[in-house]
Amino acid sequence: MMSRWNFLAAIGRIFISFLNSTGHLILFTATALRHVVLPPFFLRITFQQMLRIGYFSLPVVGLTAIFTGAVLALQIYIGGSRFNAEGFVGQVVVISMVRELGPVLAALMLAGRVSSAIAAEIGTMRVTEQIDALTTLATNPFKYLVAPRLIAATLTLPLLVLVADIIGVMGGFLAATQRLGLNAGIYMKTTLDVLQLEDVTSGLTKAAVFGFLIALMGCYHGYNSKGGAQGVGAATTDAVVSASILILLFNYVLTDFFFS
Amino acid sequence: MMAQTQDTPKIAVSGLHKRFGGNQVLAGIDLEIGRGKSVVIIGGSGSGKSVTLKCILGLIKPDSGSIRIDGRESTGLSGTEREQVLARVGMLFQAAALFDSMSVWENVAFGLMQRQRMPAELAREKALAAMAKVGLEAGLADLNPAELSGGMQKRVGLARAIAPEPEILFFDEPTTGLDPIMSGIINELIIERVRELGATALTITHDMKSARRIADTIAMIYQGRIIWCGPADSIDECGEPHVEQFIRAKSEGPIALDVLRA
Ligand SMILES: Nc1ncnc2c1ncn2[C@@H]1O[C@H](COP(=O)(O)OP(=O)(O)OP(=O)(O)O)[C@@H](O)[C@H]1O
Ligand SMILES: [Mg+2]
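Quick mapping for you: the protein sequence lines, in order, are chains A and B.
Numbering-wise (this note's numbering), the first sequence opens with residue 1 and increments by one.
Numbering-wise (this note's numbering), the second sequence opens with residue 1001 and increments by one.
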């Protein structure tokens, strides 16, 4: 009897702490958004962050995209050949790349690369009292640290995904023409013919949302980190894990939304 | 708004309480700091000196109590109002808390450029002047704070606090980690800020020599309260056993007994 009450109490505690942290996150997001839209804006810092988040992620994202595109072409060829649909390789590669894999894979790579870096940087600033120092110098940390990163990631990720889409399609093209011996002209033509504007815009919308989530998780966990080096380490891990989960969750929600 | 007369204290703290989990750190701090006065808080490690300072700055939210700056209640201020208060304040953190993504001079000039919107060239000049006041040569300006020794970082933190010429200065252990000569220079600097520029200063220190030199008033914090507060030159005759033990650095006395009992 006693143990059942303990069990229920434990569930209750977990539930309350879940509500508590959700509320905390919502409050953090609302504060951050207010500083994103209200001046003053730190343009130079925002630009620096765009460079750090976007430009320096190009190699990682490019490599991911080219191999994914190439693998897709081979796999679709194998699958397609079972019902004489080898001719659809180009179409399927471009649609899966642009609508789905470009945004999701780029975002997951950036969750590892950017979310963690933001959490580590802001977390270190928290535990070494640099955030307190900012405040005493009459500079709002949300305005100075959080808003520029949110803006930068939200603007940059669509651009990165656009590049990833193009490189991914090129990867598919290379595999199809070099390895599978498909006709280059026909492959390119079918690829471009099937692509619709909505494919691109839905992919880029996803990218913007993912970019926001990546920066938000980095900032949130960094800002709330406690303790010393260990706390910063935990914040970094939490940022990557929560950003990845939110990306996958919102990917479904957005796909469903564009579907209807 | 309350009228600001000549005798409204610059900072008035009363009944300040703060608890972290089961640890009651502040149990009713009362402290008044007159305009243009220099007050030093002494007290053992972990007695809540830094927490008191952070409560006054609004970095930590007290559980209860009142903090008035220029007669105006400042607990519960947020956003722009809080920034307006902080714009008149300079703070040296115990561990310096320099921005490691910026060079030394950018650290010192931060308040000038962000708060006062000063153009970079002028701010750099002012930063170099502030650095010179704390004995840092111009050659260090472009280094990263991580390349400096602990004592040098402390002085950069000091330069950053004084560069915008604030009305109120908070120093958390300004002379810890400095050699005796540099400690002397920092003491004189604090005195100069207070006496010549009319700033109000609240300093935390363990260094009794420094406390005697810079303080108009010394307050001792013990078990979350101010147990003694009086003119700096009367501290030797205060007759309060905790204070006597602290300033004579004796290992025997009421404080040691409490530690043993705990
Ligand atoms: N953010 C915090 N969370 C939890 N406990 C804290 C926090 N800040 C301070 N404390 C606790 O409050 C107490 C007082 O800390 P404080 O930093 O004010 O000491 P101090 O008087 O400045 O000591 P020192 O001379 O060593 O700097 C300590 O027991 C500390 O553990
Ligand atoms: Mg302290």
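For every residue, glycine included, the Cβ atom is placed at its ideal position computed from N, Cα and C.
Between B:Ser1038 and the set B:Glu1244, B:Gly1139, B:Glu1196 and B:Ser1251, the nearest pair of CA atoms involves B:Glu1196.
Taking all protein chains shown into account, A:Ile16 has fewer than 16 neighbouring C-beta atoms within 10 Å of its C-beta and is therefore exposed.
Taking the beta carbon of A:Asp165 as reference, no residue of chain B falls within 8 Å; the closest one sits roughly 33 Å away. Sequence-ordered contacts of the region 135 to 158 of chain A with chain B read Thr135, Thr136, Leu137, Ala138, Thr139, Asn140 and Tyr144 [C-beta pairs closer than 9 Å]. Judged by their CB atoms, B:Val1040 and B:Ala1211 are nearer to each other than the 8 Å cut-off.
Against chain A, a Cβ distance below 7 Å from B:Val1089 picks out Thr136. Under the criterion of beta carbons closer than 8 Å, B:Pro1241 and B:Gly1230 do not qualify as touching, at roughly 15 Å. Burial state of B:Glu1173 is buried, judged by a 10 Å Cβ sphere holding 16 or more other Cβ atoms. Judged by DSSP in its simplified three-state form, B:Asp1063 adopts coil rather than helix or strand. DSSP places B:Pro1180 in the uninterrupted alpha helix (DSSP H) bounded by Pro1180 to Leu1197. B:Glu1073 is bridged by DSSP to B:Arg1068. Annotation: A:Val114 is outside any beta strand (DSSP E) and is labelled neither H nor E by DSSP. Of the residues assessed, A:Phe173 falls on the buried side of the cut-off, its CB having 16 or more other CB atoms within 10 angstroms. Under the Cβ distance rule, A:Thr128 counts among the residues neighbouring chain B, one pair being separated by less than 8 Å.
For a cut-off of 8 Å, the C-beta gap from A:Glu121 to A:Gly222 is around 7 Å, short enough to register as a contact.
Listed by position along chain A, the residues whose Cβ is nearer than 9 Å to that of B:Arg1115 are Leu137, Ala138 and Thr139. Annotation for A:Phe28 indicates a beta carbon at 7 Å or more from all heavy atoms of ligand 1. Counting along the chain, B:Lys1049 sits inside the alpha helix (DSSP H) bounded by residues Lys1049 to Leu1057. Fully contained in the region 1098 to 1165 of chain B are the following alpha helix (DSSP H) runs of length 4 or more, in chain order: 1104 to 1114, 1120 to 1133 and 1150 to 1162.
When the alpha-carbon of B:Gln1094 is set against those of B:Ser1050, B:Leu1016, B:Asp1179 and B:Arg1088, the nearest one is in B:Ser1050. In the assembly as shown, B:Pro1062 is a buried residue. Its beta-carbon has 16 or more other beta-carbons within 10 Å.
Using a CB distance cut-off of 8 Å, A:Ala133 counts as an interface residue toward chain B.
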